[in-house]
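For the sequence shown, the working numbering begins at 329 and goes up steadily by one.
Ideal Cβ placement from N, Cα and C applies to all residues, glycine included.
Worksheet: the structure to be examined is printed underneath.
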Amino acid sequence: MIQSIERCMTLLELLSSAGPEGLGLGDLATRSGLKAPTAHNILATLVELGYADQTSGRHYVLGVKARQLGNRGGLVQRLTQHAHGPMSELVQRVQETAVFCLYERGKRRTLVALESAHALRVAAQEGEDDRLLSTATGRVLLSLLRESELKRWLVGRSLPDYGWPEVADLTALQAALAQIRESGHCSFSKDTLIHALAVPLQFPEYGLRAALGVFYPRGRRPADGDDWELLLRLKDTAAKIMSFKD
C-alpha cells in the first residue's frame, strides 16, 4: 500500500462524512492519526487540485471535483445533451463548423462537433486529443488552468510547439494565455487555410472548464478581418450552454 495515497484517501473520507460544516485542521489530524503539518500539506494539495475547499471559518470541506467524481459520467452526458440545442442554432445561423470541448485529464475532449453544410468546410469529430497548443479551443482551455496546473501540464512537453511557434517558453505562454483571459476569446489562423475563433465556458459548481469554437475556411473570413459579429453569436451560445443546471 502506498502511504501517501492512503493518507490522502483517509482525509477525503473524513471530509465526505463531515458534511457541509467541515472539519478543522486539528480534528482532521486527530481523526486521521496524522501530524498536523502532514495533514495540512495534504489538504493544501487537495484544495489546489479542487478536491477540497476551505470555508471562511477555516474548516475544510469536500471540494467540487470530489463531489462530482462519482457522477461525472452522467453529468457530462447531460451537459452534452443540453449543448446540442444551442449549438445547432449557432451552426444554422453562422453556417460554419462548431465544437464544444472540455478540459479533462490534460486533454481536450470534444463532446459535440457539428459541421457546416458548405461543400468547402472544416471537418470536426468528437473524441480526445492533446492538441491544446495548436487549436483555438485548446488555447482557451489552457487559459482556464491555474498556474500550478499549467506547469504540470507542460511536464514532458517542449516549447515552442509546432502549433504555436511564437510561444518560446513558459513566460511567453503565460503572457499569451493571460491575453486570452483578458479578451475573453481566442482568434487565430491555422496553416493560412483555416480561421478559428473560440470562447471559454466555466461551470464552477460542477468543476468543469470548457471552450466553444467555430472553424471555417480562411477565404470566408470578412476582408477586414472583423470577427465581431461572429464573436457575439459565439458568446451568446456560450451563455445558453452555461445556463445548464443538473
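In chain order, each beta strand (DSSP E) run of at least 3 residues that lies wholly inside the segment 483-537: 514-518 and 522-531
Identify whether K363 lies in helix, strand or coil by the three-state DSSP scheme. coil
Under a Cβ-count criterion, where at least 16 other Cβ atoms within 10 Å of its own Cβ denotes burial, should L521 be classed as buried or exposed? exposed
Collapsed DSSP secondary structure at Q382 in the structure displayed: strand
With a 10 Å radius around its C-beta and 16 neighbouring C-beta atoms as the bar for buried, classify I508 as buried or exposed. buried
Taking A539 as the reference, give the member of A380, S360, N369 and A411 with the closest Cα. A411
Beta-carbon proximity check, G357 vs A346, cutoff 7 Å: Here residue 357 is Ala; the residue named in the question, Gly, does not match the sequence. Taking 7 Å as the Cβ cut-off, A357 and A346 do not qualify as a contacting pair.
Separation of L351 from T338, as counted between CA atoms: 13 Å
For D457, does the three-state DSSP call read helix, strand or coil? strand
Contact the segment 458-473 vs the segment 419-432: 3+ CB pairs below 8 Å: yes
Tell me whether the segment 527-547 and the segment 490-504 touch, counting them as touching only if at least three CB pairs, one residue from each stretch, are closer than 8 Å. no
Going by beta-carbon coordinates alone, are H523 and R549 separated by less than 7 Å? yes
CB contact flag (A441, Q453, <7 Å): yes
Measuring only the C-alpha atoms, how far is A566 from R406? 16 Å
On the CB-based measure, 16 or more other CB atoms within 10 Å of its CB, does G455 come out buried or exposed? exposed
Residue environment, I333, which counts as buried when at least 16 other CB atoms sit within 10 Å: exposed
In or out: W492 buried (at least 16 other Cβ within 10 Å) or exposed? buried
Cβ shell of N369 (< 8 Å), same chain only, five flanking positions each side left out: none
Here's the rule: buried if 16 or more other CB atoms are within 10 angstroms of the residue's CB, otherwise exposed. What is I569? buried
For G387, which option in A372, K393, A394 and L377 has the closest C-alpha, if you only look at C-alpha atoms? For the sequence presented, residue 387 should be read as His rather than Gly. Here the closest residue by C-alpha is A372.
Separation of L418 from K563, as counted between CA atoms: 10 Å
With L469 and R433 assumed to form a contact (beta carbons below 8 Å), what rounded beta-carbon distance in angstroms separates them? Going by Cβ atoms, the distance from L469 to R433 rounds to 12 Å, so no, they are not a contact pair.
Use the C-beta contact count for Y544: other C-beta atoms within 10 angstroms, 16 or more gives buried, fewer gives exposed. buried
Going by beta carbon distance, what residues of the same chain come within less than 6 Å of F572, once the five residues before and after it are set aside? L407 and H410
What residue does the alpha helix (DSSP H) around A567 start on, and which one ends it? W556 to I569
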